[in-house]
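2 protein chains.
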Amino acid sequence: MQPNLYNRQKEPLLIVISGPSGVGKDSVVNRMRERGLPFHFVITATSRPQRPHEIDGVDYIFVSQDEFQRMLEHDELLEHADVYGQQKGIPKEQVRQALDSGLDVVMRIDVQGARAIRALFEDALLIFLVTQNEDELVRRLKERRTESPEAMKLRLDMARQEMESVDDLFDYCVVNADSQLDAAVDTIVDIINAEHQRTKPRKVSL
Amino acid sequence: MQPNLYNRQKEPLLIVISGPSGVGKDSVVNRMRERGLPFHFVITATSRPQRPHEIDGVDYIFVSQDEFQRMLEHDELLEHADVYGQQKGIPKEQVRQALDSGLDVVMRIDVQGARAIRALFEDALLIFLVTQNEDELVRRLKERRTESPEAMKLRLDMARQEMESVDDLFDYCVVNADSQLDAAVDTIVDIINAEHQRTKPRKVSL
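Which chain is which? The protein sequence lines are G and L, in order. When we follow numbering that gives the first Met the number 0, the leftmost residue of the first sequence carries the number 0, and every step to the right adds one. When we follow numbering that gives the first Met the number 0, the leftmost residue of the second sequence carries the number 0, and every step to the right adds one.
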């Protein structure tokens with residue numbers, strides 16, 4: 000008889016929330032945070048300019064290009080990517096501490112970053128967000144108003160390309176429809192709960 | 000671009016709720032049914048005597064030994080098992096119709112039956128129920144009062160044996176603790192919701 004079947008040890012999960020630009024990764028992760036769920040939310044370091052309403056150290060760790068370069072050179076980043084000329088990266092030590100604390104770790108990254116995480120951790124839990132349809136994605140990108148028409152076209156082309164690789168790269172696909180943010184978050188929480196009941200738990204270590 | 004990524008077709012799941020005698024398979028499935036969840040609940044045919052409070056055609060389809068034999072000979076059962084001298088089987092046509100209707104199918108069967116279902120359907124979703132500890136299981140078996148001490152010892156030995164094969168056979172393991180029936184049902188519903196978001200859905204056909 001397996002003594003560990005009763006009261007199994009809970010393995011912390013490394014959860015990646017990803018998807019194309021405009022799908023609502025920030026909204027989803029912010030809502031998860033607002034709910035006070037018992038996860039560690041990773042804060043990405045970026046060299047891109049701070050947007051209005053974004054708080055340094057909460058939404059992102061905003062650093063200069065020079066500081067980002069220093070972090071790269073000192074191997075302080077778990078993964079990093081250059082997206083549309085803006086650099087983002089995940090501080091390694093932050094993730095290590097979070098996993099060591101036994102908490103599930105949630106990170107919001109683009110598809111390029113999700114691919115890097117999968118290469119590092121086969122057992123990472125990768126969730127891809129989609130809108131209900133492409134029109135919804137286009138409208139959200141337009142509403143953002145931070146993009147030039149050229150940048151938006153680039154993002155839309157990229158989104159189409161990214162969606163082709165969903166099935167190979169990601170474990171789950173969750174719809175984040177207009178006015179259904181809480182439903183999307185509920186589904187993600189269901190997925191995390193379910194994953195903790197697997198007879199073969201995912202194992203990540205850093 | 001994959002046109003089916005938006006508005007994916009939902010694949011019906013074949014869900015097996017299993018576990019040792021006394022773990023509360025009936026209670027869990029009955030509570031799922033009471034909640035009016037949109038599943039088809041398979042009704043097992045059995046040649047064992049009807050217990051008080053059990054309703055024919057609801058809890059089980061109670062048949063004579065002769066009728067059970069006839070069903071077997073006409074290949075009308077998806078799987079069947081002889082458990083402690085009592086025969087149980089799942090009517091094939093019932094499951095086929097349920098899956099064709101597009102509904103998730105829920106069946107409550109013992110571990111022997113779960114193994115038979117896995118052999119038939121690699122993509123079946125197998126959930127194993129456990130109590131919090133062995134004392135809880137022993138107490139529940141005693142409270143049932145339908146067992147002789149010998150039968151109970153047999154069931155307990157069997158439970159210990161079954162728990163050894165959990166990780167190889169089952170996809171998920173859910174605790175059905177005393178006074179926590181709704182929590183167990185919530186977790187099962189989370190698992191089903193999560194499974195419907197998989198990028199590689201399970202596929203069963205009959």
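Even for Gly, the Cβ is constructed at its ideal location relative to N, Cα and C. Nothing here was measured: the structure is a model prediction, and the numbers come from that model.
(Q) Looking at the strands, I want to know which residues DSSP matches up with leucine 42 of chain G. (A) A small fix is needed here, since residue 42 of chain G is isoleucine in this sequence, not leucine. According to DSSP, isoleucine 42 of chain G bridges with nothing at all.
Q. Taking the C-alpha atoms as reference points, what is the distance between aspartate 25 of chain G and isoleucine 16 of chain G?
A. 9 Å
Q) So is leucine 4 of chain L in contact with chain G if we call contact Cβ pairs under 8 Å? A) yes
(Q) Quick check on DSSP: helix, strand or coil for glycine 88 of chain G? (A) strand
Q: Compare the C-alpha of proline 200 of chain G against each of L:Ile191, L:Val188, L:Tyr171 and name the closest.
A: L:Tyr171
Q. Closer than 8 Å, CB to CB, is alanine 193 of chain L near chain G or not?
A. yes
Q. What residues in its chain sit with their C-beta under 7 Å from that of glutamine 49 of chain G, if we drop five residues either side in the sequence?
A. Taken in chain order, the residues that qualify are Asp55, Phe61.
Q) With a CB to CB cut of under 6 Å and the five nearest residues on each side skipped, what residues in its chain are close to glutamine 85 of chain L? A) Arg47
Q. Going by the beta-carbon positions, is the gap between phenylalanine 120 of chain L and valine 165 of chain L smaller than 8 Å?
A. No, Cβ-Cβ distance for phenylalanine 120 of chain L and valine 165 of chain L is not below 8 Å.
Q: Please report the residue range of the alpha helix (DSSP H) in which glutamate 121 of chain L lies.
A: Segment: none, glutamate 121 of chain L is in no alpha helix (DSSP H) and carries neither H nor E.
**Q.** Three-state secondary structure (DSSP) of isoleucine 190 of chain L
**A.** helix
(Q) With a threshold of 8 Å between beta-carbons, can methionine 106 of chain L be considered close to chain G, or not? (A) no
Q) Are the C-beta of tyrosine 59 of chain L and some C-beta of chain G separated by less than 8 Å? A) Residue-level contact check: tyrosine 59 of chain L does not touch chain G, since none of the beta carbons of chain G fall below 8 Å from its beta carbon.
Q) From L:Met157, L:Glu72, L:Val110, pick the residue whose C-alpha is nearest to that of alanine 80 of chain L; which is it? A) L:Val110
Q.
What does DSSP give as the partner residue(s) for histidine 79 of chain G in the beta ladder?
A. G:Gly88
(Q) For the segment 173-190 of chain G, list every residue whose C-beta sits within 7 Å of some C-beta in chain L, in sequence order. (A) Under the 7 Å Cβ criterion, the segment 173-190 of chain G contributes Val173, Thr186, Asp189, Ile190.
Q | Beta-carbon gap between alanine 97 of chain G and histidine 39 of chain G smaller than 8 Å | A | yes
Q. Any Cβ of chain L within less than 8 Å of the Cβ of glutamine 131 of chain G?
A. Interface residue, yes.
Q: Assuming proline 11 of chain L and aspartate 103 of chain L form a contact by the criterion Cβ under 8 Å, report the distance between their Cβ atoms to the nearest whole angstrom.
A: Taking the Cβ atoms as the reference, proline 11 of chain L lies roughly 5 Å from aspartate 103 of chain L, within the contact range of under 8 Å.
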